[in-house]
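Chemist: When we follow the numbering used here, the leftmost residue of the sequence shown carries the number 4, and every step to the right adds one. We treat Cβ as the ideally placed atom computed from N, Cα and C, and that holds for glycine. Mind looking over this structure? Questions follow.
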Amino acid sequence: MTTATTNQAEAPLLSGRHGLGRDLAGLAVILVLAVIGYLLFPNNLALLTRIMAIALLVLSLDLVTGYCGVATLGHAALFGSGAYAAGIAAVHFGITDPLLMVAAGIIGGALAGLVCGVVILRAHGLPQLVLSIALIHLFHEFANKASSWTGGSDGLAGIAPDPLFGIFAYDLWGRTAYVFAVVLLAIVFMFLRLVVRSPFGMLCRGIKEDPIRIRAMGGSPTIALLKMYVISGAVAGVGGALNAVSTQVVGLDSLSFTLSAESLVMLVLGGTGSLFGAVTGTIVFMLFEDLVSAANPFHWLTMVGALLIAVVLFAPKGLYGTVAEVLARRRGAGR
């Protein structure tokens with residue numbers, strides 16, 4: 004009896020240690036990959052910075068789709084809102100400190116997440132997809148018509164961020180932007196690991212599996228999902244602001260349906276319901292896309308399509324999800 008009680012008491016501690024170990028391992032992998040990327044592609048840091056900005060978008064999408072089961076094809080609305088919020092703050096209000104621009108992006112993305120969440124969560128399944136597609140087109144058209152603020156189809160130019168901490172200027176090689184992106188991605192990743200492991204994160208997983216049971220237990224699925232949508236918007240807003248700071252221009256492509264669809268493809272490629280999968284899918288997709296488009300400018304879409312078909316057929320849980328499942332089986336067989 005005493006042994007059983009002791010084991011029950013030690014279980015949460017062991018689980019917490021295991022979770023912390025995975026958090027630190029994930030952080031270490033991000034930092035190691037950042038160093039490797041810097042050494043291998045010193046003249047293409049702009050691409051790597053763009054990958055990290057899109058990775059933040061895919062992470063935010065994973066929160067609502069992978070963990071909450073909300074179907075959406077308009078998540079770029081949150082990313083673009085963050086980008087435009089940071090750009091407008093710099094161009095029209097003179098807020099050019101990079102950290103304050105990121106803060107503006109967080110606010111813009113969170114507000115967009117609130118708006119999209121209120122609309123999309125009123126439906127389920129296929130109607131959710133329709134609403135999300137309608138929203139991304141509305142956001143895109145609004146940004147196009149508000150040209151006095153957004154630059155319209157010409158884009159919002161003239162963004163000139165100050166040196167980071169007043170010391171590190173944004174140079175032509177993109178080194179400051181790259182390091183800034185690595186730090187932001189690492190901080191957001193660790194924060195999201197805490198969110199998805201928290202009671203709130205477990206509640207959202209429960210809503211995905213059985214919302215009726217959660218409601219019967221006294222929970223409110225709609226309120227919980229709306230909170231997650233706001234968090235997701237804030238994360239996407241960080242990615243949008245990072246993109247605005249690093250490229251110093253915001254275009255309508257940041258609010259495009261294409262970007263929304265590609266972010267969903269990246270998530271499926273890496274594996275839904277896993278932060279590690281979201282980052283993995285983004286890196287693999289964007290690097291593969293860059294490689295094959297340079298090697299074959301006329302047929303690179305065919306190669307990308309072949310990769311996606313192969314992954315869906317032979318690794319239905321995504322690249323990371325499938326590898327994690329195989330390793331778990333081997334550990335189980337070893338016991």
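Exposed or buried, Leu-59, counting other C-beta atoms within 10 Å across all chains shown (16 or more means buried)?
Modeler: As a first step, residue 59 must be located in the sequence shown, where it is residue number 56. Looking at its Cβ environment, which holds 16 or more other Cβ atoms inside 10 Å, Leu-59 is buried.
Chemist: Tell me whether Phe-171 sits in a helix, a strand or coil according to DSSP, three-state version.
Modeler: Residue numbering aside, residue 171 sits at position 168 when the sequence shown is read from its first letter. Reduced to three states, the DSSP call for Phe-171 is strand.
Chemist: Could you work out which residue in Leu-30, Ile-39, Arg-53, Leu-42 is closest to Val-248 when comparing CA atoms only?
Modeler: The sequence position of residue 248 within the sequence shown is 245, counting from 1. Of the candidates Leu-30, Ile-39, Arg-53, Leu-42, the one whose C-alpha sits nearest the C-alpha of Val-248 is Arg-53.
Chemist: Given a threshold of 16 other Cβ atoms within 10 Å of its Cβ, counted over all protein chains shown, does Pro-348 qualify as buried or as exposed?
Modeler: Residue 348 cannot be examined here, being either before or after the span of the chain that is shown, 4 to 338.
Chemist: With distance defined between alpha-carbon atoms, name the residue in Ala-74, Phe-301, Pro-164, Gly-158 nearest to Ala-93.
Modeler: Position 90 of the sequence shown, counting from 1, holds the residue named residue 93. Ala-93 has its Cα closest to that of Pro-164, out of Ala-74, Phe-301, Pro-164, Gly-158.
Chemist: What whole-angstrom Cβ distance do Leu-262 and Leu-311 have, given they're in contact under 8 Å?
Modeler: The residue labelled residue 262 in the question sits at position 259 within the sequence shown. The residue labelled residue 311 in the question sits at position 308 within the sequence shown. Here Leu-262 is actually not in contact with Leu-311; their C-beta atoms are around 16 Å apart, not less than 8 Å.
Chemist: Out of Val-67, Val-105, Leu-76, point me to the one whose CA is closest to Leu-245's CA.
Modeler: Taking the sequence shown and counting its residues from 1, one reaches residue 245 at position 242. The option with the nearest alpha carbon to Leu-245 is Val-105.
Chemist: Excluding the 5 residues preceding and the 5 following His-143 in the sequence, name in chain order all residues of the same chain whose CB lies nearer than 7 Å to its CB.
Modeler: Within the sequence shown, residue 143 is the residue found at index 140, counting from 1. Here the set comprises Leu-255, Leu-258, Ser-259.
Chemist: To the nearest angstrom, report how far apart Ser-84 and Leu-51 are at their CA atoms.
Modeler: Along the sequence shown, read from residue 1 onward, the residue named residue 84 stands at position 81. Along the sequence shown, read from residue 1 onward, the residue named residue 51 stands at position 48. If you take the alpha carbons of Ser-84 and Leu-51, they lie about 22 Å apart.
Chemist: May I ask you to list the residues that DSSP assigns as paired with Val-253?
Modeler: On the sequence shown, position 250 is the one that residue 253 refers to. Per DSSP, Leu-159.
Chemist: Tell me which residues share the same chain as Ala-229 and place their Cβ nearer than 8 Å to its Cβ, disregarding the 5 neighbours each side in the sequence.
Modeler: Taking the first residue of the sequence shown as position 1, residue 229 is located at position 226. What sits at residue 229 in the sequence shown is Leu, not Ala. Result list for Leu-229: Leu-117, Gly-120, Val-121, Leu-124, in chain order.
Chemist: Measuring CB to CB, does Leu-167 end up less than 8 Å from Phe-183?
Modeler: Translated into the one-based positions of the sequence shown, residue 167 becomes position 164. Translated into the one-based positions of the sequence shown, residue 183 becomes position 180. Cβ distance < 8 Å, so Leu-167 and Phe-183 count as in contact.
Chemist: Select from Phe-192, Ser-150, Ala-149 the residue whose C-alpha is nearest the C-alpha of Ala-2.
Modeler: This structure does not reach residue 2, given that the chain is present from 4 up to 338, and the question cannot be answered.
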